[in-house]
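Novice:
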Amino acid sequence: MSTQRRHTRVHTIATATVAALVTLALPGCTAASDEAPAPSAPGSSTTAARPAEAAPTPTPTPSPTPTPSYPLSTAPRTIPAVREHVPARGPGWKPTPDARVVVAPDDTAALSDEAQLLAGELNIGYGKSAAPRAGDVELSLDAGAAGGPESYTLDVKDGRVRINGPDQAGVFYGTRTLKQAVKSAGSAPEGTVRDAPAKPQRGLNLDIARKFYTPDWIEDRLREMADLKLNQLGLHFSDDQAFRIQSDTHPEIVSTPHLTKAQVREINALAARLHITVVPEIDSPGHLGAVLRAHPDLQLRDTQGRAVKGAVDISNPASAKLVDELLREYIPLFPGGAWHLGADEYQALVYRDPQASFPQLARAAQQRYGPSARVQDLATGWLNDRAAVVRPSGKALKAWNDGFFAGGVTSAAKDIQVEYWTGKENGARPPLEYLREGRKLVNLNDEYLYYVLGQPNQFTYPTGQRIYEQWTPLVLRGTTPVPASYGPQILGGRLAIWSDLAGAQTQAQVAAGIQAPLAALSQKVWDARTPQLPWVDFKALADRL
């Protein structure tokens with residue numbers, strides 16, 4: 053375009069703009085007034101004609117209010133981050149004094165807890181069985197919704213929020229996203245979130261045997277976990293140091309302080325409302341020192357008469373009887389769908405020659421499994437027998453990976469999930485050996501996910517940054533991931549608090565110490581892809597939330 057033509061065009065536009073402005077400024081001017089007759093010439097004797105009656109001045113038409121223009125929205129800032137957000141243009145949603153949380157009528161019984169919790173958190177009303185209106189948040193279930201278990205869709209449109217999922221857990225996680233979005237930015241952005249976890253098991257493991265944690269502290273962790281969309285609390289309540297839950301069948305083994313059964317029921321009830329499964333663990337046949345103090349006759353001893361720390365004599369039927377009585381007592385106390393059988397670090401197996409050091413165990417193994425059986429086979433039989441006690445309850449069964457032995461005449465039942473924590477202990481093998489057997493694993497990699505009080509035995513407190521930047525569920529041992537093709541066999545992961553040196557930290561220090569690692573874990577088990585936020589921004593968001 054030439055310079056002259058540009059100047060001409062600018063002049064034309066400017067002239068038209070001025071004319072338009074003038075028209076807007078003089079709304080009374082009309083075509084009729086432009087056509088009024090000219091006045092008579094001065095000195096003329098002709099009488100002027102009587103002017104016509106003036107037409108009423110029309111009421112100016114107000115300029116229309118312009119429709120607000122909104123940029124495309126961006127995904128809400130939450131931990132874990134949502135996996136998919138479809139942006140849209142609009143004001144989003146924020147709580148107002150008239151806003152309510154309402155539940156679709158058919159879903160009131162199922163979702164009233166979720167609705168009332170969210171209403172309280174956002175300081176808005178709860179409209180039981182009320183029809184949704186502008187400004188409301190509506191919760192609903194749709195068993196046929198796409199996305200799978202624990203998934204949800206969150207729509208922000210027309211000044212309302214709609215959260216829908218195939219199950220209660222999914223709808224609940226949608227409410228967590230809305231809560232965090234409002235807390236992080238003051239409002240939920242326009243558009244649609246479609247979200248679901250990458251892994252079905254996501255959580256925290258807590259050792260209350262070595263260090264007692266109060267019910268209030270445990271319940272605070274449940275609330276923290278729920279906001280992070282974590283769904284499993286492992287409760288290790290029996291070990292060499294103490295046995296921490298009231299027992300009616302064997303009160304003699306219970307330590308002080310301990311949780312009463314009433315307190316455990318309250319913990320379980322809160323967990324259920326927050327869609328968290330409490331997974332109890334009575335570790336055996338090792339880590340039973342608290343039980344053995346009351347039952348020294350069950351103590352395992354070697355040929356020299358030396359007691360083996362924490363180990364019961366698994367050739368003695370009385371050992372199995374006592375542990376099974378405890379299992380049957382506690383199974384109904386924990387209504388969740390999983391049980392941990394322990395099975396790690398049975399110290400008889402660290403001896404150079406267990407058969408020679410424990411001839412009673414060797415004889416029992418051969419009597420049960422044949423002449424080529426060894427002590428490890430008797431230990432495997434112990435695990436399978438305890439699994440048989442719990443299995444009728446329908447709970448998923450778990451055991452530590454160093455309780456699964458290779459090369460024996462018997463093997464652990466195939467339905468027992470491997471809780472993989474180490475490749476260093478006796479009997480422990482590289483993760484691929486378990487995966488190649490077709491076993492399902494849960495990741496508790498002691499390199500990244502072990503928070504051991506006092507940092508003994510070269511354990512260092514895990515950092516959120518290291519988990520966030522380096523760990524994924526595929527990293528089961530050390531720092532090397534297993535092939536991605538085994539991903540479906542890895543069910544998830546948990547951060548584990550072990551209270552080895554109980555006095556090293558207070559409860560408050562433990563809570564502060566695990567905050568960033570737990571947030572980082574939640575991100576990586578919800579979405580194993582590389583996170584979008586750099587660590588500095590993720591940590592700032594975690595602190596804000």
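This note's numbering puts the first residue of the sequence shown at 53, with every later residue one more than the last. Think of the CB as a built atom: it goes at the ideal place given N, C-alpha and C, for glycine as much as any other residue. This one's a predicted model, so the numbers in the text were calculated from it and none came from an experiment.
Quick one, are the C-beta atoms of residue 480 and residue 454 less than 8 Å apart?
Specialist: By 1-based counting over the sequence shown, the position of residue 480 is 428. By 1-based counting over the sequence shown, the position of residue 454 is 402. Cβ atoms of residue 480 and residue 454: closer than 8 Å.
Novice: What are the start and end residues of each continuous beta strand (DSSP E) run of 3 or more residues lying completely inside the stretch 138–190, in chain order?
Specialist: The qualifying runs are 152–155, 177–179.
Novice: By how many angstroms is the C-alpha of residue 198 removed from the C-alpha of residue 463?
Specialist: In the sequence shown, the residue the question calls residue 463 occupies position 411. In the sequence shown, the residue the question calls residue 198 occupies position 146. In a straight line, the C-alpha of residue 463 is about 39 Å away from that of residue 198.
Novice: Between which two residues does the beta strand (DSSP E) carrying residue 336 extend?
Specialist: For the purposes of this step, residue 336 is taken as the residue at position 284 of the sequence shown. 329–336 is the span of the beta strand (DSSP E), which, as asked, contains residue 336.
Novice: Compare the C-alpha of residue 536 against each of 569, 584, 487, 506 and name the closest.
Specialist: As a working note, residue 536 is residue 484 in the sequence shown. Nearest option by C-alpha distance: 487.
Novice: Could you tell me the distance, in whole angstroms, from the CA atom of residue 239 to the CA atom of residue 233?
Specialist: Counting from 1 along the sequence shown, the entry for residue 239 is found at position 187. Counting from 1 along the sequence shown, the entry for residue 233 is found at position 181. Distance between the alpha carbons of residue 239 and residue 233: 6 Å.
Novice: Within a Cβ cutoff of 8 Å, which residues of the same chain sit near residue 320, ignoring the five residues on either side of it in sequence?
Specialist: Residue mapping note: residue 320 aligns to position 268 of the sequence shown, counting from 1. Same-chain partners within the cutoff: 330, 385, 386, 387, 388.
Novice: What does DSSP give as the partner residue(s) for residue 209 in the beta ladder?
Specialist: Position 157 of the sequence shown, counted from the start, is the residue given in the question as residue 209. Paired residues: 212.
Novice: What is the rounded straight-line gap between the Cα of residue 342 and the Cα of residue 266?
Specialist: Reading the sequence shown from its first residue, position 290 is the one you call residue 342. Reading the sequence shown from its first residue, position 214 is the one you call residue 266. Residue 342 and residue 266: Cα-Cα distance of roughly 20 Å.
Novice: Look at the alpha carbon of residue 207 and the alpha carbon of residue 245, and state the distance between them as a whole number of angstroms.
Specialist: Within the sequence shown, numbered from 1, the residue matching residue 207 stands at position 155. Within the sequence shown, numbered from 1, the residue matching residue 245 stands at position 193. Distance between the alpha carbons of residue 207 and residue 245: 6 Å.
Novice: Per DSSP, what are the beta-bridge partners of residue 532 in this structure?
Specialist: For the purposes of this step, residue 532 is taken as the residue at position 480 of the sequence shown. Partner(s): 529.
Novice: Quick one, which of 185, 326, 125, 137 has its alpha-carbon nearest residue 148's?
Specialist: Position 96 of the sequence shown, counted from the start, is the residue given in the question as residue 148. Comparing Cα-Cα distances from residue 148 to each of 185, 326, 125, 137, the minimum goes to 185.
Novice: Let me check one thing: in DSSP terms, what residues is residue 394 bridge-paired to?
Specialist: Here residue 394 is taken as the residue at index 342 of the sequence shown, counted from 1. Paired residue(s): 336.
Novice: Using three-state DSSP, classify residue 579 as helix, strand or coil.
Specialist: As a working note, residue 579 is residue 527 in the sequence shown. Of the three classes helix, strand and coil, the one that applies to residue 579 here is coil, per DSSP.
Novice: To which residues does DSSP link residue 471 through a beta bridge?
Specialist: Taking the first residue of the sequence shown as 1, we reach residue 471 at position 419. Answer is 452, 494, bridged to residue 471.
Novice: In terms of alpha-carbon separation, which member of 174, 334, 219, 150 lies closest to residue 382?
Specialist: Working through the sequence shown from its first residue, we reach residue 382 at position 330. Selected option, being the one with the closest Cα: 334.
Novice: Quick one, which of 229, 427, 438 has its alpha-carbon nearest residue 459's?
Specialist: In the sequence shown, the residue the question calls residue 459 occupies position 407. Considering only alpha carbons, the answer is 427.
Novice: For the stretch 266–323, list the alpha helix (DSSP H) runs that are entirely contained and at least 4 residues long, ordered along the chain.
Specialist: 267–279, all fully within the stretch 266–323.
Novice: Whose C-alpha, out of 553, 256, 296, 311, is nearest the C-alpha of residue 268?
Specialist: On the sequence shown, residue 268 is found 216 positions in, with the first residue counted as 1. Residue 311 is the option with its Cα nearest to residue 268.
Novice: Given that a residue counts as buried once 16 or more other Cβ atoms are within 10 Å of its Cβ, and exposed if not, what is residue 304?
Specialist: Within the sequence shown, the letter at position 252 stands for residue 304. When all chains shown are included, residue 304 counts as exposed.
Novice: Go ahead and pull the three-state DSSP assignment for residue 523.
Specialist: What you label residue 523 is simply residue 471 of the sequence shown in a count that begins at 1. Coil.
Novice: What residues match up with residue 351 in a beta bridge as DSSP calls it?
Specialist: Along the sequence shown, read from residue 1 onward, the residue named residue 351 stands at position 299. For residue 351, which the question treats as bridged, DSSP gives the partners 364.
Novice: For a test of the three-state rule: what should DSSP assign to residue 415, helix, strand or coil?
Specialist: Counted from its first residue, the sequence shown places residue 415 at position 363. Helix.
Novice: Residue 595 lies in the alpha helix (DSSP H); which residues open and close that run?
Specialist: As a working mapping, residue 595 is identified with position 543 in the sequence shown. Here the alpha helix (DSSP H) through residue 595 covers 587–596.
Novice: Tell me, please, whether the stretch 270–284 touches the stretch 171–180 by the rule of three or more beta-carbon pairs shorter than 8 Å.
Specialist: Touching, no.
Novice: For residue 355, which of 555, 409, 490 has the nearest alpha-carbon?
Specialist: Counting from one through the sequence shown, the residue named residue 355 turns up at place 303. Measuring from the Cα of residue 355, the nearest candidate turns out to be 409.
Novice: What are the residues that DSSP puts in a beta bridge with residue 542?
Specialist: Within the sequence shown, the letter at position 490 stands for residue 542. DSSP lists 493 as partners of residue 542.
Novice: Could you tell me whether the stretch 488–496 touches the stretch 463–474, using the rule of 3 or more Cβ pairs below 8 Å?
Specialist: Cβ pair count under 8 Å is three or more, so yes.
Novice: Would you list the residues sitting across from residue 258 in a DSSP beta bridge?
Specialist: Reading the sequence shown from its first residue, position 206 is the one you call residue 258. Paired residues: 287, 549.
Novice: Between residue 550 and residue 259, which are expected to be in contact by the criterion C-beta below 8 Å, what is the C-beta distance as a whole number of angstroms?
Specialist: Here residue 550 refers to the residue found at position 498 of the sequence shown. Here residue 259 refers to the residue found at position 207 of the sequence shown. Their Cβ separation, rounded to whole angstroms, is 5 Å, which keeps residue 550 and residue 259 in contact under 8 Å.
Novice: According to DSSP, is residue 246 part of a helix, a strand, or is it coil?
Specialist: Here residue 246 refers to the residue found at position 194 when the sequence shown is read from its first residue. Strand at residue 246.
Novice: Are the CB atoms of residue 547 and residue 534 within a distance shorter than 8 Å?
Specialist: For this step, residue 534 is matched to residue 482 along the sequence shown. For this step, residue 547 is matched to residue 495 along the sequence shown. No, these two residues do not count as a Cβ contact at 8 Å.
Novice: State the DSSP-derived secondary structure class of residue 375, mapped to helix, strand or coil.
Specialist: Counting from 1 along the sequence shown, the entry for residue 375 is found at position 323. Helix, per DSSP.
Novice: Need the endpoints of the beta strand (DSSP E) that residue 504 sits in, please.
Specialist: Within the sequence shown, the letter at position 452 stands for residue 504. Counting along the chain, the beta strand (DSSP E) containing residue 504 begins and ends at 502–504.
Novice: Tell me, please, which residues DSSP counts as bridged to residue 136.
Specialist: To locate residue 136, count along the sequence shown from 1; it is residue 84. Paired residue(s): 246.
Novice: Looking at the secondary structure, which residues open and close the alpha helix (DSSP H) in which residue 222 lies?
Specialist: Your numbering for residue 222 matches position 170 in the sequence shown. It spans 220–237 - the alpha helix (DSSP H) in which residue 222 sits, taken as one unbroken run.
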